[in-house]
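3 is the number of the first residue of the sequence shown in our numbering; add one for each residue after it.
All residues carry an ideal CB built from backbone N, CA and C; glycine is no exception.
Note that the coordinates shown come from a computational prediction; the quantities given were computed from them, not determined experimentally.
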Amino acid sequence: MMNKVKYFLGAIVSVPLLPFLYFQGKNIRKKVPKLPEAKEPKGFINGGFNKTLNILSIGESTIAGVGVDYHKNGFTGSLSNTLSINLKSNINWRVYARSGYTVAQVCKKIIPKIEETSTDIIVIGMGGNDAFTLNSPKKWADAIENLINLLQDRFPGTPLFFTNMPPIKEFPAFTKPIKFVIGNLVEILGERLQDVTQDRKNVFYYNEVITLKKWSKQHSLSNNNSKIYFSDGVHPSELTYKVWGEEMGNFITKKIPS
């Protein structure tokens, strides 16, 4: 109910801003360089352990590694390195992601292309494009439910882990009005994701809100230079992928039976 109220109030406040948001958005598109997705979406981490875990990463541009050259330097590479150490396991990982996709598009265009018939862990990173396209909380929740059902049908018993929502309010390339409207919407979508996942068996959502101030303090990094966290003002830098992957890996470790 609170999600609906927040969305409704946000919509009322945002309507007068729409013409400005449109032109500001076009201007940002011109200024932000179009970066390619990362190369080599498959990898293996040989830690010399006696067991191997298989991981699938699914999602939008951040999971697609936009902002780094190779996936081993992106989110999934960092995540896999952390899990290898924490779980004392070799990691066989693969990425299925596409820049610009919403959850509905992932369900329709990516899930059918997954070649694996079994896996041990599935990690999903979504939210940015659903916020950018102004999807409603209900439309988002319905798509999330569909995604969960599709994955659980194909990989019964495999735990699903949703990453944090993207920190849109921190994006240096965005104007204050865009940060306000899209940033608030992505937070509402995150709350709705929490509602959907909390009652689903073997489905987990890392709902920790990402803030650069907190990251800077935790990892002894500069807190007055947001540019070190972003490759183009929107997508993560290699540093951000490293920190984010480590934090997600630690979250997953706590949920996996030892």
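| query | result |
| --- | --- |
| Mapping DSSP to helix, strand and coil, what is GLY264? | Beyond the ends of the chain as shown, which are 3 and 260, falls residue 264; an answer cannot be given. |
| Please return the same chain residues whose Cβ sits closer than 8 Å to the Cβ of GLY111, not counting the five positions on each side in sequence. | Residue identity differs from the one stated: residue 111 is Lys in this sequence, not Gly. If we look at LYS111 and ignore the five residues flanking it on each side, its Cβ neighbours are ARG100, TYR103. |
| What's the gap between the Cα of ILE230 and the Cα of LEU241? | 7 Å |
| Short of 8 Å in beta carbon distance, which residues of its chain neighbour ILE14, apart from the five on each side in sequence? Order them along the chain. | With a pLDDT of only 37 at ILE14, under 50, the local geometry of the prediction cannot be trusted, and the value read off the model is given with reservation. Excluding sequence neighbours, ILE14 sits near nothing in its chain. |
| Have a look at LYS141, PRO169, THR121, ALA145 and flag the residue whose alpha-carbon is nearest the alpha-carbon of TYR243. | PRO169 |
| Assign ARG100 to one of three DSSP states: helix, strand, or coil. | coil |
| What does DSSP give as the partner residue(s) for TYR207 in the beta ladder? | PHE164 |
| Using a Cβ distance threshold of 8 Å, determine whether the region 202-222 contacts the region 152-166, with at least three qualifying pairs required. | yes |
| In the structure shown, what three-state DSSP assignment does ASN52 receive? | coil |
| In its own chain, which residues sit with a C-beta less than 6 Å from the C-beta of MET128, not counting the 5 before and 5 after it? | GLY61, GLU62, VAL105 |
| Is VAL68 buried or exposed, if buried means 16 or more other CB atoms sit within 10 Å of its CB? | buried |
| For ILE60, verify whether its CB is less than 7 Å away from any heavy atom of the ligand PLP. | Of the ligands one can find in the structure shown there are none, so the ligand PLP has no counterpart to examine. |
| Where are the beta strand (DSSP E) runs, 3 residues long or more, that stay fully inside the region 132-166, in chain order? | 162-164 |
| Cutting at 6 Å between CB atoms, please list the residues of its own chain near ILE184, excluding the five before and the five after it. | ALA133, ILE170 |
| Please classify PHE173: does DSSP put it in a helix, a strand, or coil? | coil |
| Within the same chain, show all residues whose beta-carbon is closer than 6 Å to that of LYS41, passing over the 5 residues directly before and after it, in chain order. | TYR72 |
| Within 10 angstroms of its Cβ, does THR78 collect 16 or more other Cβ (buried), or is it exposed? | buried |
| Cβ atoms of LEU55 and LEU81: under 8 Å apart, would you say? | no |
| Where does LYS74 land, buried or exposed, given buried means 16+ other C-beta within 10 angstroms? | buried |
| Return the CA-CA distance between LEU152 and PRO114, expressed in angstroms with no decimal places. | 9 Å |
| Figure out for me which residue from SER91, PHE232, LYS140 has the closest Cα to the Cα of THR213. | PHE232 |
| Can you give me the Cβ contacts of SER239 inside the same chain, cut-off strictly under 7 Å, excluding the 5 residues immediately before and after it? | GLY69, ILE230, TYR231, PHE232, SER233 |
| Determine the closest residue to GLY235 out of GLY49, ILE254, LYS181, with distance taken between C-alpha atoms. | LYS181 |
| Measuring only the C-alpha atoms, how far is PRO174 from LYS53? | 42 Å |
| The beta strand (DSSP E) that contains PHE253, what's its start and end? | Per DSSP, PHE253 belongs to no beta strand (DSSP E); it is in the alpha helix (DSSP H), 240-257. |
| Just to confirm my understanding: we take ILE254, look at its own chain, exclude 5 residues before and 5 after, and list those with CB closer than 6 Å. What are they? | PHE163 |
| Determine the direct distance from the alpha carbon of ILE65 to that of LEU223, and round the result to whole angstroms. | 23 Å |
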